[in-house]
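Visitor:
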Amino acid sequence: MDLNLNVLRLASGLASHAGRRQALIAENVANADTPGFRARDLPGFGALLDQSAPPFTAKTTRAGHIPFGADAILGAEPRPDAVEGADAPNGNSVSIEDQMMRAADARQSHDLALGVYSKSLDILRAALGAK
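What the sequence shown shows, in the working numbering, is residues 2 to 132, in sequence order.
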């Protein structure tokens, strides 16, 4: 039986990405008073996933399948990231408030990944008859 399931790989990748992002956010906060330090962040997991996935184009066989058409859904413009605040007089770009919001987002992503992983294993155990 092949247990190399996509859902488990994706959950593991999301947890790893959230951990790396949390470490980078901690580095930003640690350097909040360092003159000239520029805050850094990882691209979102979805963006990384889109880059690594093979191209996909949705096709409709009947007009009623997708009411707005596949082009309207797939061609939607993404929202821009939050505008960063002004740099400090010493050239530092770290905003503690922004970093705390990003840390909460990374934690939420990590919790989501662990929940998906755990529930997927529960489903596999139930399918195999384990108690």
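Yeah, the Cβ is synthetic: ideal placement off N, Cα and C, and Gly gets one too.
1) Alpha carbons only, please: which of Asn93, Leu113 and Leu25 is nearest the one belonging to Leu15?
2) If you draw a straight line from the C-alpha of Phe69 to the C-alpha of Asp34, how long is it?
3) Report back the beta-carbon spacing between Leu25 and Leu43 to the nearest angstrom; my notes put them in contact at under 8 Å.
4) Tell me which residue opens and which closes the alpha helix (DSSP H) that Gly116 is part of.
5) So the alpha helix (DSSP H) Arg41 belongs to, where does it begin and stop?
6) When DSSP labels each residue in this structure, what does Leu49 get in the three-state scheme?
7) If you check the beta carbons only, do His18 and Phe38 fall under 8 Å apart?
8) Please list, in chain order, all residues of the same chain as Pro79 whose beta carbon is under 6 Å from its beta carbon, the five residues on each side excluded.
9) Return the chain-ordered list of same chain residues with a C-beta closer than 6 Å to the C-beta of Asp88, the five sequence neighbours on each side being excluded.
Guide: So, to answer that:
1) Leu113
2) Only weak support exists for where Phe69 lies, its pLDDT of 42 falling under 50; the coordinates are left without a value.
3) 6 Å
4) Ile97 to Leu129
5) No alpha helix (DSSP H) holds Arg41; DSSP gives it neither H nor E.
6) helix
7) no
8) Low local confidence applies: a pLDDT of 35 at Pro79 is under 50, so the model's placement there is unreliable, and no value is given.
9) Ser94
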